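**Q** A single structure is presented below for examination.
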Amino acid sequence: PAVILLQNIEKSYVTGKQALPVLKGVSLQILKNEYVALMGPSGSGKSTLMNILGCLDTPTAGRYILSGQDVSSMEDDDLALVRNKEIGFVFQQFNLMPRLSAWENVAVPLIYAGINAKERQERAMAMLARVGLSERAKHKPNELSGGQSQRVAIARALINNPSLILADEPTGNLDTKTSIEIMDIFSSLQAAGNTVVLVTHEEDIADHAHRVVRLRDGVIESDRINEKITV
Ligand code: ADP
Ligand code: ADP
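For the sequence shown, the UniProt record's numbering begins at 4 and goes up steadily by one.
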């Protein structure tokens with residue numbers, strides 16, 4: 004089944020009397036269990052597309068079906084509900100809460116979901132185990148390396164069982180070796196049935212995804228399966 008179905012997505016930003024077209028007819032299908040790297044030069048529309056995929060913004064024209072639900076013209080409140088239920092976000096800057104331990108950071112989304120304290124801790128610990136970080140569970144972000152911090156952020160993104168993981172330059176602050184470890188974690192998530200879309204500028208990093216989509220000037224320039232990667 005398609006997690007993401009984009010049909011002729013257009014997005015323009017209006018400033019004054021001018022409308023700047025940024026996405027000019029993007030059609031794309033991403034199935035459950037795909038691991039996609041989105042690439043493209045600066046200004047090609049990657050952030051704009053990620054914001055639409057993440058239900059942070061809606062397209063000017065075209066349809067976006069997320070897990071079978073048309074989210075293209077939803078009002079902000081409904082969009083926020085879909086976003087919280089369906090999407091896990093991972094950022095370049097990790098965005099962890101400095102005063103909370105690793106497991107407490109992972110558990111934050113469960114507070115909003117109304118889960119009790121005992122279950123929050125159990126589920127957060129299980130998720131940290133999945134990203135290989137059990138032994139750092141009680142440490143604060145300032146006691147964690149960049150790679151460890153990003154593992155915490157990935158565990159947090161997964162905790163509500165989202166249908167889609169969206170990562171914006173998740174390796175942008177990490178050295179090459181650590182970046183590859185993070186890409187391998189996404190591979191293991193794919194193997195476990197998750198769907199991952201990430202933005203990267205680095206070809207060496209994109210090589211670890213099983214599919215590479217390239218944007219240029221607001222259209223998809225190429226869309227290729229990476230034959231070297233077996234799922
Ligand atoms: P990328 O992420 O590939 O660098 P973006 O989606 O950030 O591309 O930007 C594509 C184009 O849209 C750029 O020309 C940028 O200046 C413009 N743009 C992005 N966001 C806005 C906004 N909120 N208002 C007006 N223009 C924007
Ligand atoms: P950049 O890629 O320029 O470093 P960020 O990584 O901070 O920017 O943010 C990437 C995108 O994620 C932005 O378009 C922003 O709108 C969105 N974003 C930032 N913070 C959050 C958040 N807490 N929840 C959901 N989306 C966010």
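Positions of the beta carbon are idealized from the N, C-alpha and C atoms, including for glycine.
Just so we're clear, the structure is a prediction, and the values are computed from it rather than from any experiment.
Assign Glu78 to buried or exposed, taking buried as 16 or more other Cβ atoms, counted over all protein chains shown, within 10 Å of its Cβ.
**A** It counts as exposed.
**Q** Measuring only the C-alpha atoms, how far is Phe97 from Leu201?
**A** Distance between the alpha carbons of Phe97 and Leu201 is about 14 Å.
**Q** Can you tell me whether Gly48 sits near ligand 1, meaning its C-beta is under 6 Å from at least one heavy atom of the ligand?
**A** For ligand 1, at least one heavy atom lies less than 6 Å from the Cβ of Gly48.
**Q** Shorter than 6 Å, the distance from the beta carbon of Tyr115 to the closest heavy atom of ligand 1, or not?
**A** False, no ligand heavy atom lies under 6 Å from that Cβ.
**Q** Is it the case that the region 169-179 contacts the region 125-144, given that we only count it when at least three CB pairs across the two stretches are under 8 Å?
**A** Too few Cβ pairs lie closer than 8 Å, so no.
**Q** When the Cα atoms are used, what is the spatial distance from Arg217 to Ser225?
**A** About 5 Å.
**Q** Short check: CB of Leu167 to CB of Ile90, under 7 Å?
**A** For Leu167 and Ile90, yes; Cβs fall inside 7 Å.
**Q** From Tyr67 to Val74, what does the alpha carbon distance come to, in whole angstroms?
**A** One C-alpha to the other measures close to 6 Å.
**Q** Quick check: what's the CA-CA separation for Leu23 versus Leu136?
**A** If I take the Cα positions, the gap works out to 44 Å.
**Q** What does DSSP give as the partner residue(s) for Leu9 in the beta ladder?
**A** DSSP output for Leu9 lists Leu31, Tyr67 as bridge partner(s).
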